[in-house]
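Numbering (this note's numbering), first residue to last: 3 to 136. See structure below.
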């Protein structure tokens, strides 16, 4: 079995650069070359999902098969790649923090001080790796 490879497309915080279309296009080219691909969008906002964001400010959201309200780019990903997306394909900072706080409340950190490094960064890495294994 070959090792999972990751490609990251970044563009800072600038909106409407075409990062989503570039990502979907690159994934499609890899798919056409015989690679099995998936795609994930990481959004920096603190909201859990874009469902309650003002559509004039953020744009419309895309609802996945599992009912998740996600970024519109996931609709592009589905159409370009002909693969279904889910909540796992769209990660927000708010969802990351929520997961870490829930773990802390359940006592999973055994009384340790919860910090951005390593707890938040570990959760981000975990989310990326989980999708990479599917």
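We put the CB at the ideal spot given by N, CA and C, even for glycine. Just so you know, these numbers come straight off a predicted model, no measurement behind them.
- Each residue's CA atom was taken as its position, placing residue 133 and residue 48 some 21 Å apart.
- Looking at 78, 121, 95 and 90, the one whose alpha-carbon comes closest to that of residue 106 is 121.
- In the structure shown, residue 118 falls within a helical segment according to DSSP collapsed to helix, strand and coil.
- Considered as a whole, the region 8-55 harbours 21-34 as its complete alpha helix (DSSP H) runs of no fewer than 4 residues, in chain order.
- Look at residue 91 here: in three-state DSSP terms it is helix.
- When the beta-carbon positions are compared, residue 99 and residue 91 stay at least 8 Å from each other.
- Distance from the Cα of residue 26 is smallest, within the candidate group 59, 108, 85 and 6, for 85.
- Taking the C-beta atoms as reference points, residue 28 is found nearer than 8 Å to residue 9.
- The three-state secondary structure of residue 73, taken from DSSP, is strand.
- Taken through DSSP and simplified to helix, strand or coil, residue 111 comes out as coil.
- Measuring C-alpha to C-alpha distances from residue 34 to each of 124, 82 and 102 identifies 82 as the nearest.
- Residue 75 counts as buried, since no fewer than 16 other beta carbons sit within 10 angstroms of its beta carbon.
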